[in-house]
């Protein structure tokens with residue numbers, strides 16, 4: 007299974023120049039229209055020169071101000087807090103739907119990590135161990151839970167460039183279809199489970215591998231956006247172990263060592279997600295809101311911002 011190569015720059019949300027048509031970005035579900043939030047008071051900060059200070063590479067939110075106002079709150083859901091963040095296209099706040107999406111996104115990751123760690127732990131338990139036998143008996147069910155959790159996170163993940171998000175989602179779908187096909191046509195006739203069949207037949211990784219490629223893309227995004235060391239290491243550990251198993255060039259001891267590192271870093275990765283502020287997983291909400299506007303309103307807003315900038 008070959009790991010796709012993606013330039014780190016594609017994950018960085020570099021905002022388009024105001025006189026150009028913006029790229030296609032994920033739409034963000036919001037009932038409020040960004041154009042209604044435009045006002046001369048905010049335009050100066052919106053159209054100002056980009057800050058060169060150190061910032062999250064996956065977010066172009068240039069400043070955070072705690073103010074008592076609801077610039078984008080009119081007609082929208084109740085704000086999660088009173089903090090207004092200044093995005094590229096205007097101010098935005100965190101509302102209850104944002105919190106719900108982020109919690110579900112992180113819960114999907116925790117589900118995937120928990121299922122994987124439990125399933126993988128059986129490799130370190132002695133033969134005949136009761137716990138190991140129980141895990142091996144239900145290991146395919148753990149695989150299903152893990153794949154489902156990953157799918158939920160990939161559905162809710164916030165990536166500014168839509169084709170990248172769709173690519174990761176497509177890998178997940180291909181991996182799920184491949185897993186189901188492998189089980190029904192190859193493993194089941196031999197009265198084996200899917201996971202055990204893949205362990206005994208490395209070539210089957212060609213069918214289930216895209217699922218892990220999608221996982222690798224997700225941890226790569228997390229590592230790049232937030233500078234997480236564990237995510238960066240996992241970007242190499244995951245494909246390294248799978249390629250070692252597929253090629254047969256890695257002995258069992260080496261595979262167990264990499265598997266142990268994968269398990270440990272996966273736990274750290276999931277735990278640290280809940281230490282991040284909610285807004286980090288949202289990114290610059292004004293970009294998603296801008297993309298949700300009709301083309302006419304987009305052009306009108308860009309024209310207003312360009313006119314204000316030239317004043």
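Residue numbers (this note's numbering): 7 to 317. Backbone N, C-alpha and C fix where the C-beta goes; we use that ideal spot for every residue, glycine too. Since we're looking at a predicted model, the values are computed, not measured.
Relative to the C-alpha of residue i, which candidate in the options has its C-alpha closest?
| i | options | result |
| --- | --- | --- |
| residue 156 | 184, 112, 189 and 195 | 112 |
| residue 202 | 312, 290 and 142 | 142 |
| residue 163 | 108, 144 and 125 | 108 |
| residue 249 | 175, 205, 198 and 234 | 205 |
| residue 124 | 101, 303 and 140 | 140 |
| residue 241 | 253, 258, 254 and 223 | 223 |
| residue 146 | 303, 186 and 103 | 186 |
| residue 144 | 122, 165 and 159 | 122 |
| residue 284 | 95, 94 and 103 | 103 |
| residue 208 | 251, 94, 228 and 198 | 251 |
| residue 178 | 214, 237, 126 and 169 | 214 |
| residue 289 | 273, 231 and 198 | 231 |
| residue 126 | 273, 184 and 308 | 273 |
| residue 184 | 174, 200 and 173 | 200 |
| residue 166 | 303, 306 and 287 | 287 |
DSSP three-state label for residue i, please.
| i | result |
| --- | --- |
| residue 100 | coil |
| residue 166 | coil |
| residue 95 | coil |
| residue 111 | helix |
Quick check on residue i: buried or exposed, where buried means 16 or more other Cβ atoms within 10 Å of its Cβ?
| i | result |
| --- | --- |
| residue 212 | exposed |
| residue 182 | buried |
| residue 195 | exposed |
| residue 92 | buried |
| residue 19 | In this prediction, residue 19 has a pLDDT of 38, which is less than 50 and means its spatial position is unreliable; what the coordinates show is noted afterwards. Buried: at least 16 other Cβ atoms inside 10 Å. |
| residue 88 | exposed |
| residue 188 | buried |
| residue 233 | exposed |
| residue 97 | buried |
| residue 297 | buried |
| residue 257 | exposed |
| residue 136 | exposed |
| residue 277 | exposed |
| residue 191 | exposed |
| residue 280 | exposed |
| residue 45 | Any reading at residue 45 must be qualified, since the residue scores a pLDDT of 43, below 50, and its modelled position is unreliable; no value is offered. |
| residue 134 | exposed |
| residue 254 | exposed |
| residue 316 | exposed |
| residue 313 | exposed |
| residue 236 | buried |
| residue 270 | exposed |
| residue 26 | The predicted model places residue 26 with a pLDDT of 34, which falls under 50 and marks its position as unreliable; any figure quoted below should be read in that light. Under this definition residue 26 is an exposed residue. |
| residue 301 | exposed |
| residue 197 | exposed |
| residue 70 | Note that residue 70 has pLDDT 38, beneath the 50 cutoff, so the model's placement of it is unreliable and the number below is only indicative. Exposed. |
Please check if any C-beta of chain D sits within less than 8 Å of the C-beta of residue i.
| i | result |
| --- | --- |
| residue 313 | This model lacks chain D altogether, as it is built from one protein chain only. |
task = Kindly provide the ranges of any alpha helix (DSSP H) runs that are 4 or more residues long and lie completely inside the stretch 182 to 243, ordered along the chain.
result = 200 to 206 and 211 to 232
inquiry  = Measuring CB atoms only, is the stretch 211 to 223 touching the stretch 242 to 251, in the sense that at least three cross pairs come out at less than 8 Å?
reply    = yes
ask   = Using 8 Å as the threshold, is the stretch 113 to 130 in touch with the stretch 255 to 270, meaning 3 or more CB pairs across them?
value = yes
inquiry  = I want to know whether the stretch 146 to 154 touches the stretch 113 to 126 - three or more CB-CB distances under 8 Å.
reply    = yes
task = Please specify which runs of the alpha helix (DSSP H), each continuous and at least 4 residues long, are wholly inside the stretch 244 to 286, giving them in chain order.
result = 258 to 279
inquiry  = Please give me, in chain order, every unbroken run of the alpha helix (DSSP H) with length at least 4 that falls completely inside the stretch 122 to 175.
reply    = 136 to 143 and 145 to 162
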